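So for the sequence shown, this note's numbering puts the first residue at 1340; every next one is plus one.
Even for Gly, the Cβ is constructed at its ideal location relative to N, Cα and C.
Predicted model only: the values in this text are computed from it and were never measured.
Here's the structure we're looking at; comments come further down.
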Amino acid sequence: MRYAVLEAISRRRSIRRFKSKPISRKVVNRIVEAAQRAPTACGMQTYSFILITDKTVQGEIFKAIGEQECMKQASVWIMICADMARQLQLFELLGVKTRFGPLSMLVPSIIDAALAAENMVTAADALGLGSVFIGSVWDNLKKIAEILKLPRNVLPIVLICLGYPDEAPPTRPRWPLEAVLHENRYEMPSKELMKKYYVDANQQLVEMEYFSRGIRNWAEHWQNKFPRDEMKEWEEQLAEDLRDLGFLPC
Ligand SMILES: Cc1cc2nc3c(=O)[nH]c(=O)nc-3n(C[C@H](O)[C@H](O)[C@H](O)COP(=O)(O)O)c2cc1C
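Here it is, written out as structure tokens:
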């Protein structure tokens, strides 16, 4: 049984093409229950998941963050939110006197929500589903919060799109173990190792036709994704949104 879990984790990869087959509510519930089993800071479970089934709401989200083909094809959308609001209400109800400023909310709730999200995609895989994370919610956090009627102190962090896979891509490359695993102290991988990793990984990605829209390699992909001038503007907007949602100090 334990090996089955390891196998599921090592074969997981993002799926971006889905069949139109619906996913039953029972399956969705099982995935969410798996998310709830993730470790959680002080047992607080500072996350909420918004199942987005209404086409009008989906349309508003497309307008807010743009459309990706995989979003259009997915049968189920789940917005993963870092949620301190519910826990703060519970504290109030119980008369528990704590202090949670923006940063003390941000750290545990983002970790909780991200761990839950990872459990969700692993569970989805075990149930024969494919999944992909959509991070572009960070491009328009406040609008997403408004569309989903999120109260203050609830932050959308990632959208998970689920569906029955209509593709079977190979797993995508990762750094070799020695580049990410350090012993006792940090050691930057050698330039040779980095170059070799990049060349090999890139070749694999080209072979699996990972790049599209004229992008030829990872370097171009990253430069295109994170252009200097636009990133500055994005960060300023992000800081403003995080402040307004209660997750950055004013
Ligand atoms: C925070 C986050 C945001 C992501 N956003 C997107 C996205 O907007 N669109 C997409 O197609 N994939 C997205 N992905 C998936 C990554 O592209 C993918 O995980 C990565 O390329 C590694 O591939 P793999 O998941 O197949 O191993 C995102 C993943 C993470 C963790």
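Taken atom to atom, the span from the alpha-carbon of residue 1557 to that of residue 1469 is near 24 Å. Taken through DSSP and simplified to helix, strand or coil, residue 1416 comes out as strand. Pairwise C-beta distances place the region 1361-1381 in contact with the region 1454-1469, as three or more of them are shorter than 8 Å. Ranking 1575, 1485, 1459, 1482 by CA distance to the CA of residue 1500 puts 1459 first. In the DSSP assignment, residue 1357 is bridged to 1504.
Counting only residues of its own chain and dropping the five nearest sequence neighbours on each side, residue 1413 has a CB closer than 7 Å to the CB of 1357, 1500, 1501, 1502.
Considered as a whole, the region 1441-1501 harbours 1469-1473 as its complete beta strand (DSSP E) runs of no fewer than 3 residues, in chain order. With at least 16 other beta carbons inside 10 angstroms of its own, residue 1427 counts as buried. Between ligand 1 and residue 1475, a heavy atom-to-CB distance of less than 7 Å is present. About 6 Å separates the beta carbons of residue 1386 and residue 1421, which is inside the 8 Å limit, making them a contact pair. Proximity of the beta carbon of residue 1409 to ligand 1 is indicated: a heavy atom of the ligand is located closer than 7 Å.
In this structure, DSSP gives residue 1377 a state outside helix and strand, which the three-state scheme calls coil.
For residue 1516, the enclosing alpha helix (DSSP H) covers residues 1516-1519. Scanning its chain for C-beta atoms nearer than 6 Å, with the 5 sequence neighbours on each side dropped, one finds around residue 1389 the residues 1418, 1487, in chain order. Relative to ligand 1, the beta carbon of residue 1510 is positioned inside 7 Å of a heavy atom. Taking the Cβ of residue 1430 as the reference point, every heavy atom of ligand 1 lies at 7 Å or farther away.
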